[in-house]
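The next block holds one structure in the form of structure tokens; read it before the comments.
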Amino acid sequence: MTNVVVISAGISVPSSTRILAESLGKAARDHLGDPATYDVIELRDLAHLLTDNVLTGFPTGALADAVRRVAEADAIIAVSPVYTGSYSGLFKMFFDVLEDGTLEGKPVLIAATAGTARHSLVLEFAMRPLFAYLRAEVVPTAVFAASEDFGAGSVRGGSLSARIDRATGELADKVLRRGTTLPADPFDDPTPFEDLLGDIR
Amino acid sequence: MQFGIFTVGDVTPDPTTGRTPSEHERIKATVEIAKKAEEVGLDVVAVGEHHNPPFIASAPTTTLAYIGAQTSRVILSTSTTLITTTDPVLIAENYAKLQHLTDGRVDLMMGRGNTGPVYPWFGKDIREGINLAIENYHLLHRLWREDVVDWEGKFRTPLQGFTSTPRPLDGVPPFVWHGSIRSPEIAEQAAYYGDGFFANHIFWPASHTKRMVDLYRRRFEHYGHGTADQAIVGLGGQAYMAKNSQDAVNEFRPYFDNAPVYGHGPSLEDFTRETPLTVGSPQQVIERTLGFREYAGDYQRQLFLMDHAGLPLKTVLEQLDLLGEEVVPVLRKEFAALKPAHVPDAPTHASLVEAARRAAVESTGSSSVEPDETTSDAPVYEEGRLEADEEITA
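Protein chains in written order, with our numbering: chain P, 1 to 201; chain F, 1001 to 1394.
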């Protein structure tokens, strides 16, 4: 079973970020074929727990569950509204609390929403470097949706739905080529002490 | 089972009065708290090591020697000794000296320290934290066991023909615990040497502590020191008590809400649910602490954090009265009743001297070997006090 986890940092209810997140999740599932599933993590619901995690260093409750789902996902779709010229603070907090290496090599699709198309390069100048730092495998097509895109239909060239289709197709390709790999668990398989000592000598 | 307290030596304003104790007051308070711990029947007092404000925890062996001079029974330990940034030669010398001065009432808990700038202040690199802990301890382990050491490592000036003085009391190095919140490498290290493993426990959920302890126990057995359930485990704990549990919550809440580590984050209720912190009646602390055994197994040492977040000295001393008089006697009895006979107690100087004597007898293949001069000088500093079940049940 292939599972895609969609992370939405939209705040208002309903939010255009959530709408875009759902569209991307469905399209990714369709490209992956059966048996593929997707589920959405709404960061708004985790806002207090995220603050607690930043202060205490460990996730609890629904946040611990979300972190585990992200670690186990075959692919991630990350969607943020544009705030003050970048992804939102809430969006960043979630990626701040993930353990090192959680997203290493994991296929990721990045997407954002904003009131106008003038913010579209946030994806390339802010969000893509974030995931490069996390050593994720980000697909080439990033999906940006301004308010006007939601009413534009599919008749115009380069429409939102065409971009969604291309980006999720790239994501599915990466997932199918990579297969399912989970990071090694250092507790299940510790580095033997002789090796730890040998690394220094 | 051993019970005690551990402190990090923070100088924190009392949030209920806004008053910050002076360094002098806090240093003296540390000594008062340690004396009280012995007075109320605790077994261990551990002090931290920090090299930056707002802590008064530098020079730990100075503090411990001063406490040792004013106490007669309590074991002096650390929480933790910075094995990363402290020269292992100085650790070997300082703690061997402390052993002699206190007739063996010494053990140590190794830790890495998590304050970034401390590493460069001592000429080290935090990215080498794990490697520093491994190499430095490897040297320390030899300095206490080999009279003349030749050494060349990555992090320290080489040693040729070096003898660390004084030699450990009775030829037996202090017992060592390795402390870690989240690094499996440190559990592996403790298991490799057959040393103790101390899970900080108090800042993270029990599920995480269980994984660390399980790993240590499994690897302890792998390295041939005994069965997994014979590994030497210590746990942190944190409590605030009043006869009436709602009074405890009301009194402790302002300290919790403003505490340096978790203040302004999770609620007191959330944090007590997710971590071992218990705020309530002595009976609640007893029940919670007995529950640790369900996921950590039968363990050997329980230390409580009692004196942080700006709690005034008077309050801390009252808390120690409750801990020593109402909580620990019950815990001693209950834990002792649950512990299988093949699970050892935490090593003490006396038990290590005895183990060394037996090993010497076995290696000569003779049962007629008398203890040598040094071991016959072994202090009999009331080892039985640590297994005080008879006293309590009597």
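Glycine residues also receive a C-beta, built at the ideal position from the N, C-alpha and C atoms.
All values derive from a computational prediction rather than experimental measurement.
Under a CB-based cut-off of 9 Å, is Phe187 (chain P) close to chain F? yes
DSSP beta-bridge partners for Asp39 (chain P)? P:Val5
Taking the alpha carbon of Thr116 (chain P) as the point to measure from, which residue in P:Glu194, P:Val13 and P:Thr84 has its own alpha carbon closest? P:Thr84
Got a sec: is the Cβ-Cβ distance from Asp45 (chain P) to anything in chain F below 9 Å? no
Determine, using beta-carbon pairs with one atom in the region 1303–1314 of chain F and one in the region 1005–1021 of chain F, whether at least three such pairs fall under 8 Å. yes
Would you kindly work out how many angstroms separate the C-alpha atoms of Val155 (chain P) and Ala112 (chain P), rounded to a whole number? In this predicted model, Val155 (chain P) has a pLDDT of only 47, less than 50, meaning its place in the structure is not dependable enough to derive any value.
Could you check which residue in P:Pro107, P:Ser86, P:Ala47 and P:Ser147 has the C-alpha nearest to that of Val4 (chain P)? P:Pro107
When you compare only the Cα positions, how much space is there between Gly151 (chain P) and Ser159 (chain P)? 10 Å
Neighbour-count burial assignment, Trp1121 (chain F), 16 or more Cβ in a 10 Å radius: exposed
Determine whether the Cβ of Gly57 (chain P) lies closer than 9 Å to any Cβ atom of chain F. yes
Spell out whether any CB of chain F is found under 9 Å from the CB atom of Val155 (chain P). Confidence is the limiting factor: at Val155 (chain P) the pLDDT is only 47, short of 50, which leaves the residue's position unreliable, though a coordinate-based value still follows. No - not a single Cβ of chain F is within 9 Å of the one on Val155 (chain P).
With a 10 Å radius around its C-beta and 16 neighbouring C-beta atoms as the bar for buried, classify Gly105 (chain P) as buried or exposed. exposed
Looking at the unbroken beta strand (DSSP E) that takes in Val1047 (chain F), where does it start and where does it end? Val1044 to Val1047
Between Asp199 (chain P) and chain F, is any beta-carbon pair separated by less than 9 Å? yes
Residues in its own chain within less than 6 Å of Gly1280 (chain F) by CB, not counting five upstream and five downstream? Ser1245 and Ala1248
Using a beta-carbon distance below 9 Å, is Met1212 (chain F) in contact with chain P? yes
Does the beta carbon of Glu1221 (chain F) fall short of 8 Å from some heavy atom of the ligand GTP? For the ligand GTP, the structure offers nothing, since it holds no ligand at all.
Go ahead and pull the three-state DSSP assignment for Phe187 (chain P). coil
Using a cut-off of 7 Å between C-beta atoms, extract the partners of Thr17 (chain P) located in chain F. Those within 7 Å of Thr17 (chain P) in chain F number zero; the least Cβ separation is about 26 Å.
Report, in whole angstroms, the separation of the C-beta atoms of Val139 (chain P) and Lys174 (chain P), which I expect to be a contact under 8 Å. 6 Å
Given that a residue counts as buried once 16 or more other Cβ atoms are within 10 Å of its Cβ, and exposed if not, what is Phe125 (chain P)? exposed
Return the residues of the region 1214–1248 of chain F that lie within a Cβ-Cβ distance of less than 7 Å from chain P, sorted by chain order. Leu1215 and Arg1219
CB contact below 9 Å: Pro1184 (chain F) versus chain P: yes
Are the CB atoms of Ala1239 (chain F) and Leu1277 (chain F) within a distance shorter than 9 Å? yes
Whole angstroms are fine: how far does the CA of Gly1236 (chain F) sit from the CA of Glu1185 (chain F)? 19 Å
Strictly below 8 Å CB to CB, what residues from chain F border Asp65 (chain P)? Residues of chain F passing the Cβ test: none, with the nearest at roughly 12 Å.
What does the Cβ neighbour count give for His1264 (chain F), buried or exposed, with the cut at 16 atoms within 10 Å? exposed
Given that a residue counts as buried once 16 or more other Cβ atoms are within 10 Å of its Cβ, and exposed if not, what is Thr1062 (chain F)? exposed
Using three-state DSSP, classify Ser16 (chain P) as helix, strand or coil. helix
Name, in chain order, the residues that DSSP records as bridge partners for Gly1237 (chain F). F:Phe1304
Assign Thr1157 (chain F) to buried or exposed, taking buried as 16 or more other Cβ atoms, counted over all protein chains shown, within 10 Å of its Cβ. exposed
For the alpha helix (DSSP H) containing Val82 (chain P), list its first residue and its last residue. From DSSP, Val82 (chain P) is part of no alpha helix (DSSP H) but of the beta strand (DSSP E) over Ala75 to Tyr83.
Whose C-beta lies closer than 7 Å to the C-beta of Pro1166 (chain F) among residues of the same chain, with five residues either side of it excluded? Ala1096, Lys1097 and His1100
What did DSSP end up calling Ile1232 (chain F) once you bin it into helix, strand or coil? coil
Thinking Ala145 (chain P) and Ser16 (chain P) are a contact (beta carbons under 8 Å), I'd like their distance in whole angstroms, please. 7 Å
Does the region 1038–1057 of chain F come within contact of the region 1079–1087 of chain F, defined as at least 3 CB pairs closer than 8 Å? yes
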